[in-house]
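Only one structure is covered here, and it is reproduced in the block below.
Number of protein chains: 2
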Amino acid sequence: MPLPSKLRPALPVGLRRYLPILDWGARYDRATLRDDLIAAIIVTIMLIPQSLAYALLAGLPAEVGLYASIAPLVLYALFGTSRTLAVGPVAVASLMTAAAVGQLAAQGTPEYLGAAIALAVLSGLMLTAMGLLRLGFVANFLSHPVIAGFITAAGLIIAAGQLPHILGIAGGGHSLVEILGRMAADLGSVNLATVAIGMPTLAFLWWARARMKAWLTARGLSDMAAGTIARTGPVMAVAATALAAWAFALPAAGVAIVGDIPAGLPVPALPPLDLGLWAQIAVPALLISIVGYVESISVAQTLAAKRRQRIDPDQELIALGAANIGSGLSGGFPVTGGFARSVVNFDAGAQTPAAGAFTAVGMALATLTLTPALYFLPKATLAATIIVAVLSLVDFGALRRTWAYSRKDGAAMAATILVTLGFGVEPGIIAGVALSLLLHLYRTSRPHVAIVGQVPGTEHFRNVERHAVVTAPDVVSIRVDESLYFPNARFLEDTVLAQVAARPELRHVVLMFSAVNEVDASALETLEGLNAGLKASGVSLHLSEVKGPVMDRLQRSHFLADLTGEVHLTQYDAMKRLAPELTARTLAACRRDTLRAAE
Amino acid sequence: MPLPSKLRPALPVGLRRYLPILDWGARYDRATLRDDLIAAIIVTIMLIPQSLAYALLAGLPAEVGLYASIAPLVLYALFGTSRTLAVGPVAVASLMTAAAVGQLAAQGTPEYLGAAIALAVLSGLMLTAMGLLRLGFVANFLSHPVIAGFITAAGLIIAAGQLPHILGIAGGGHSLVEILGRMAADLGSVNLATVAIGMPTLAFLWWARARMKAWLTARGLSDMAAGTIARTGPVMAVAATALAAWAFALPAAGVAIVGDIPAGLPVPALPPLDLGLWAQIAVPALLISIVGYVESISVAQTLAAKRRQRIDPDQELIALGAANIGSGLSGGFPVTGGFARSVVNFDAGAQTPAAGAFTAVGMALATLTLTPALYFLPKATLAATIIVAVLSLVDFGALRRTWAYSRKDGAAMAATILVTLGFGVEPGIIAGVALSLLLHLYRTSRPHVAIVGQVPGTEHFRNVERHAVVTAPDVVSIRVDESLYFPNARFLEDTVLAQVAARPELRHVVLMFSAVNEVDASALETLEGLNAGLKASGVSLHLSEVKGPVMDRLQRSHFLADLTGEVHLTQYDAMKRLAPELTARTLAACRRDTLRAAE
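Protein chains in written order, with the working numbering: chain A, 1 to 599; chain B, 600 to 1198.
Okay, here's the thing in structure tokens:
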């Protein structure tokens, strides 16, 4: 349905539409630069440990996380329409990458890395194509309860999956059931040195996230300063534990460390061009694309609304697509707009996507200079970073609230959580989408319909079940509160035929079309069949209050020519014609009283 | 959404609901018996050649067609709610059976027959389960254009697939492309004796269907007699060609004949209990179930409407399920209600499902006595029967009409036809369903929304694009012509934020909910986000004309408590409150003029 011109978003056209940087870049000034730089520094400090941690979560070498935090940020700055979205590796997409690639190759092999890179490129191509084709609406397949349930379950799986790193045992598995099973089998071989470094780190990170800011402000720091320092918690943990691992020679005690990270910027390279591989990752790539897009667009829209800015959902697809293609071609894995870092970026005062580009510069510098210092970084530290980050995603309260609001939405959410926990991320998201669609079709296949009668003394017609109205014995007027299309076409036929079968005295059926915004070909055929069926049993079919666009379309078919009854401008006109004694009887007597009562 | 009680179909309850025979059987009398018997005889004459032909089409021995025409008819008579539906083998389900089973086993093997039987039982179990769970609405997944396109394409594939039988060459293939390819490769080995018997039969059957009735009435026969004789065309062709094949020893000349058909009634037996097999046929069984159900319910509803009778869509699922289980357990293949035979049954005066039971008796007698006479029946005759029967399914005019009415529906139909012809029945129906759902979601994801203003001098608010209305600069009123649920939740947010971003002077947003019948959890979350986002930018959010059930549900959430604006009973109330100078200014001056003009 075309949007009326006044509602069309006031978006730039031409090249500016596809390169928003031309728009904001032209007005860039020194004050904006300062704001963007400050935000970039804060986000970079946050992103260094996260990028390493999410690479670990995806089962990839640490440098892949760094690579995924450079090119994608620059590309999003060129193409993105959100001023404050922080793009890069995120927890849920990393988990989905691990699930998808883990089915194809073993961790640590070149095939595993190649598949992750191909996944980023393919996901990027899909996102770009969807953007160019204006297919942003497919993200609507994911209802809020499904995505919320999925993220809660993914958070639990991620947190559970990191516990083995903190206990120094072998882990693995793609569902909560698998992960807990393997962990239980391996509990005997806990490495105490790893626990000794992992547990305090976990406790410190939790404290830094939940309490440090309040603790600092209580000690006299400004709100801004306390918040900024609190955000350096993960970097402090990285520095302290790497130092401790070096000083106490912890690797010799069995503590797993990050080890060699190749220094230097990523070298552009093509992903593996293996059609069989691409076919195998097509479905995961689509799921990662859609889940990532929904996550990203939600936070982008929320933040834009706070500053009365606009984002263009289709251009966002193109920007995220470019970011993922860039990530893959520079040796990275799938990225998207992350919730936590975007909020930090916004709060830190980022004004334009240039802040993201500056973050990329920061990450590039880190890649060039910091990697030797990360050699002794314990993997347990990264695992603790992940656990603290993702537990904020887990929100069972949403399940309770959704269930209280709507049983159907609550059921879809519970199913998504259970299937994700029990069978992994891909079955979970697919089950959620399928159930949402089924419930949606179930609902639209049974629209609200009311038999209406005349409110005495007025030209209004209301539901006979709720109002004291008058009706004629040989006329039934049915108001359909929904557009007529294939999910409900048969239902309308069924409803009308039930009336006709139950009331032998019936001579006229009037369908009141005041809420019908569309009649598709299925509904048209149903109406034609209904008209013919009613004709055979001596009942004529009328329409009333048909809207202009619906009428235009009906006139392109034979339906109006074959209609046994008429199309009436209003429901009152229809009744005046079909039951004149009824309208005359009630109208004259009541008009004055009702008008008086209405004042 | 629950149906208001007055609209609920007046269906029988308890045992009578599940055994409609208790209802009509109690009132059975001699006149009804006579009518049913006459109809049964006519349908039996029609069904004998069709049952053999459709077994051939499904790649099964001829007797399987006879078996599928006995038990299923009796079971439908017990459980069915249509008085006139003729159940049994039909062309499209037979083609789908051939496509499904052909992937698993070679024709003529016990595995092939076993799989076809298992397909009938599994399809029957699925239909019954759907009926007991009241899942009839899943049939709505198939829009009319998709089913019409599918049937047209299936008709073409069936007709093309029978041509080799008439030419006496080897055939095969599941898509039009395959079939034509194999036929072209084999054209050198045409059997002239087969052509000599097949082509005249084809011509005669076409003439019998299209012209014989008119020819007979022109020679003085009554309309009824001429129609009845014309319907015996296929039986005449069977008798004449079987006689000719015997008299001229055609099998020796290379004419393929039906050969031995085991005499005697089918022996009840369990289908192969092989879980691997059942898993492989699960998707085809579901597709056959749904396509068959849609075909059947369409004709049942059309015929019932003509006599002001009612059918119960959920009970129909149970009845078709029982018929298919019965078919499988008695050695038959999938069945459903057929269009042509049901119309004949109706026209011949069938009054109750007993006519179907009598047809079953006729078919049982045929199975017991006629099989030796069918030994010499050329397969070419059956192929000609099929071709003439299915070509009436092919309707390219529907494509033209649908396209003219709606581009989207036309595109879905064209895609279904092309994919079915090019890749076979299963990809075709799946592509059609997927495309319908996508187009449906695309449509509902972009509901009609209008910015409304006050019609001067009235309390009415209309679209600013279509009417001369007045608006206030700091208030925007948006009417949404659709329930709010996940497919369009984001769209609403987008629309509102576009307004806010474009109009810095805006202070109030009023959402007019007159056409909103539901707000699901996704839309609720969007509204909450919108409220918070607007609050941050100093704009308050109001609702107006919220319907009772929607309000009830909103009260179960925090939304109303957090709402920055208010919920107004009517749009006029909202404007009186938010822009009092506007309503006062226009109202007094214009009231009299407008009232006068309106009279």
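Beta carbons are placed, not taken as given, at the ideal position from N, Cα and C, and that holds for glycine. As the structure is a computational prediction, the values presented were derived from the model and not from experiment.
First through last residue of the beta strand (DSSP E) which encompasses residue i
{"i": "Asn1062(B)", "result": "Phe1060 to Asn1062"}
{"i": "Gln1053(B)", "result": "Val1048 to Gln1053"}
{"i": "Ser1076(B)", "result": "Val1074 to Val1079"}
Span of the alpha helix (DSSP H) around residue i
{"i": "Val1099(B)", "result": "Phe1085 to Ala1101"}
{"i": "Ser926(B)", "result": "Pro912 to Leu928"}
{"i": "Ile716(B)", "result": "Pro709 to Leu731"}
{"i": "His743(B)", "result": "His743 to Leu766"}
{"i": "Tyr28(A)", "result": "From DSSP, Tyr28(A) is part of no alpha helix (DSSP H); its letter is neither H nor E."}
{"i": "His1039(B)", "result": "Val1024 to Thr1043"}
{"i": "Leu684(B)", "result": "Premise fails: Leu684(B) is in no alpha helix (DSSP H) and is neither H nor E."}
{"i": "Phe79(A)", "result": "Ala71 to Phe79"}
{"i": "Gly780(B)", "result": "Leu775 to Ala784"}
{"i": "Leu970(B)", "result": "Here residue 970(B) turns out to be Thr, not Leu, going by the sequence shown. Premise fails: Thr970(B) is in no alpha helix (DSSP H) and is neither H nor E."}
{"i": "Gly664(B)", "result": "Ala661 to Tyr666"}
Residue burial classification, residue i (beta-carbon count within 10 angstroms, cutoff 16)
{"i": "Leu192(A)", "result": "exposed"}
{"i": "Val1072(B)", "result": "The sequence shown places Pro at residue 1072(B), rather than the Val named in the question. Exposed: under 16 other Cβ atoms inside 10 Å."}
{"i": "Ser1156(B)", "result": "buried"}
{"i": "Gly108(A)", "result": "exposed"}
{"i": "Pro861(B)", "result": "exposed"}
{"i": "Gln1154(B)", "result": "exposed"}
{"i": "Gln50(A)", "result": "buried"}
{"i": "Arg615(B)", "result": "exposed"}
{"i": "Val419(A)", "result": "buried"}
{"i": "Val559(A)", "result": "Strictly speaking, residue 559(A) in this sequence is Phe, with Val absent from that position. With 16 or more Cβ atoms within 10 Å of its Cβ, Phe559(A) is classed as buried."}
{"i": "Val101(A)", "result": "buried"}
{"i": "Leu133(A)", "result": "exposed"}
{"i": "Asp1008(B)", "result": "buried"}
{"i": "Ala625(B)", "result": "exposed"}
{"i": "Met823(B)", "result": "exposed"}
{"i": "Asp593(A)", "result": "With a pLDDT of 43 at Asp593(A), under the threshold of 50, the modelled position of this residue cannot be trusted, and the question is left open."}
{"i": "Pro580(A)", "result": "exposed"}
{"i": "Leu1038(B)", "result": "buried"}
{"i": "Gly331(A)", "result": "buried"}
DSSP three-state assignment for residue i, whether helix, strand or coil
{"i": "His568(A)", "result": "strand"}
{"i": "Thr935(B)", "result": "strand"}
{"i": "Pro952(B)", "result": "coil"}
{"i": "Val90(A)", "result": "coil"}
{"i": "Pro378(A)", "result": "strand"}
{"i": "Val987(B)", "result": "helix"}
{"i": "Val789(B)", "result": "coil"}
{"i": "Val1069(B)", "result": "strand"}
{"i": "Pro870(B)", "result": "coil"}
{"i": "Pro580(A)", "result": "helix"}
Supposed close pair residue i, residue j - CB separation, criterion 8 Å
{"i": "Ala93(A)", "j": "Pro334(A)", "result": "5 Å"}
{"i": "Gly863(B)", "j": "Leu967(B)", "result": "7 Å"}
{"i": "Phe339(A)", "j": "Val299(A)", "result": "5 Å"}
{"i": "Asn739(B)", "j": "Ser445(A)", "result": "5 Å"}
{"i": "Arg940(B)", "j": "Ala685(B)", "result": "4 Å"}
{"i": "Ala657(B)", "j": "Thr631(B)", "result": "Going by Cβ atoms, the distance from Ala657(B) to Thr631(B) rounds to 34 Å, so no, they are not a contact pair."}
{"i": "Val480(A)", "j": "Leu492(A)", "result": "6 Å"}
{"i": "Val567(A)", "j": "Leu534(A)", "result": "That pair is no contact at about 15 Å."}
{"i": "Val146(A)", "j": "Thr416(A)", "result": "5 Å"}
{"i": "Thr381(A)", "j": "Thr241(A)", "result": "4 Å"}
Within chain E, the residues that residue i reaches when beta carbons sit closer than 9 Å
{"i": "Pro145(A)", "result": "Reference to chain E is not applicable here, since the protein chains of this structure are A and B."}
Worksheet entry | Within the stretch 504 to 562 of chain A, ranges of the beta strand (DSSP E) (whole runs, at least 3 residues) | 508 to 512 and 540 to 544
Fill in: Contiguous alpha helix (DSSP H) assignments of at least 4 residues, all confined to the stretch 796 to 864 of chain B
811 to 817, 822 to 830 and 832 to 846
Discussion item. My parser needs the alpha helix (DSSP H) runs of 4 or more residues fully inside the stretch 273 to 304 of chain A; what are they?
Written reply: 275 to 280
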